[in-house]
Structure formats: C-alpha cells, structure tokens
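Residue numbers (the working numbering): 34 to 153.
What follows is the structure in structure tokens.
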C-alpha cells in the first residue's frame, strides 16, 4: 500500500489536463497491484492465486512504464522516480518469491510418494 500512497501523492501534483488521462491510468494500475493480491489470496487454489499474482506483476510493469512517461514529461523529479523504482523493485521481488513458493507448493501437493522416498 505504500506504493499506492506514493503514487497518489505524486499524481495529485500532475497538471489538471491529465486528470482523466495519465493520472487516472497511473492510479488505476497502482491500486490494481494490491487489489489483485487480495483477490487472489481469497481464491480456493494456489493456481488461481498465482494467476492474480501474475496480473499484479503486469500492473506493476504498466505502472513502471507510465511513471517513466510521466517523469519524461517532467511531472516529478528524478529523486521521486528513484523512490518509486525502489518500491516497485521490492514489490516485484516479493511477488516473484511468492509465485515461486506457491508453484513449489502446488508441485509437491500434486505429487504422490511411492513409499520408497520417490515422487511419482
């Protein structure tokens, strides 16, 4: 949620003519990240959860692109972009780690032990 708060703080300073364009799209992509994590966590299976985590990663990539564009338009400073990049990298690492853990968990849950220490 820290990233969403950072994004809202930065975008409130964007030009008014961007309110329904870039500002809105940036905010939607930022909110989509934790919203999809929450929705996925409420699903019944790890496979479904992972699908929502992948959607969150897509929203994170979209946000990264849009923030680079906004920075290129000089809507905020390079220091602010560095802060965003740090937060986005941290979130991407957490999402990637969680996806790996769930994938590993799913593989183990679907495997059957043959009684001799081998997985079939």
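In this text, a Cβ means the ideal position worked out from N, Cα and C, and glycines have one as well.
Worksheet entry | residue 45: first and last residue of the uninterrupted alpha helix (DSSP H) it sits in | Within the chain shown, the letter at position 12 stands for residue 45. Taken as a continuous stretch (DSSP letters only), residue 45 belongs to no alpha helix (DSSP H), as it is neither H nor E.
Fill in: Alpha carbon of residue 133 to alpha carbon of residue 121, nearest angstrom
Indexing the chain shown from 1 puts residue 133 at position 100. Indexing the chain shown from 1 puts residue 121 at position 88. Taking C-alpha positions only, residue 133 is separated from residue 121 by approximately 18 Å.
Worksheet entry | Expected contact under 8 Å - CB spacing of residue 128 and residue 89 to nearest Å | The count along the chain shown starts at 1 and reaches residue 128 at position 95. The count along the chain shown starts at 1 and reaches residue 89 at position 56. Their Cβ separation, rounded to whole angstroms, is 6 Å, which keeps residue 128 and residue 89 in contact under 8 Å.
Worksheet item: Can residue 59 and residue 99 be called in contact, C-beta distance under 7 Å?
Response: As a first step, residue 59 must be located in the chain shown, where it is residue number 26. As a first step, residue 99 must be located in the chain shown, where it is residue number 66. The criterion of a C-beta distance shorter than 7 Å is satisfied by residue 59 and residue 99.
Worksheet item: Is residue 52 helix, strand or coil when you go by DSSP?
Response: In the chain shown, residue 52 corresponds to position 19, counting from 1. Three-state DSSP puts residue 52 in coil, outside helix and strand.
Worksheet item: Exposed or buried, which one is residue 78 when buried takes at least 16 other CB atoms within 10 Å?
Response: Here residue 78 refers to the residue found at position 45 of the chain shown. Burial call: exposed.
Worksheet entry | Three-state secondary structure assigned by DSSP to residue 77 | The count along the chain shown starts at 1 and reaches residue 77 at position 44. Residue 77: coil per DSSP, three-state reduction.
Discussion item. Less than 7 Å between the beta carbons of residue 96 and residue 62, yes or no?
Written reply: Here residue 96 corresponds to residue number 63 of the chain shown, with the count starting at 1. Here residue 62 corresponds to residue number 29 of the chain shown, with the count starting at 1. It is a contact, given that the beta carbons lie within the stated cut-off.
Practice prompt. State the Cα-Cα distance for the pair residue 102 and residue 124, rounded to the nearest angstrom.
Written response: Taking the chain shown and counting its residues from 1, one reaches residue 102 at position 69. Taking the chain shown and counting its residues from 1, one reaches residue 124 at position 91. Taking the straight line from one Cα to the other gives about 20 Å.
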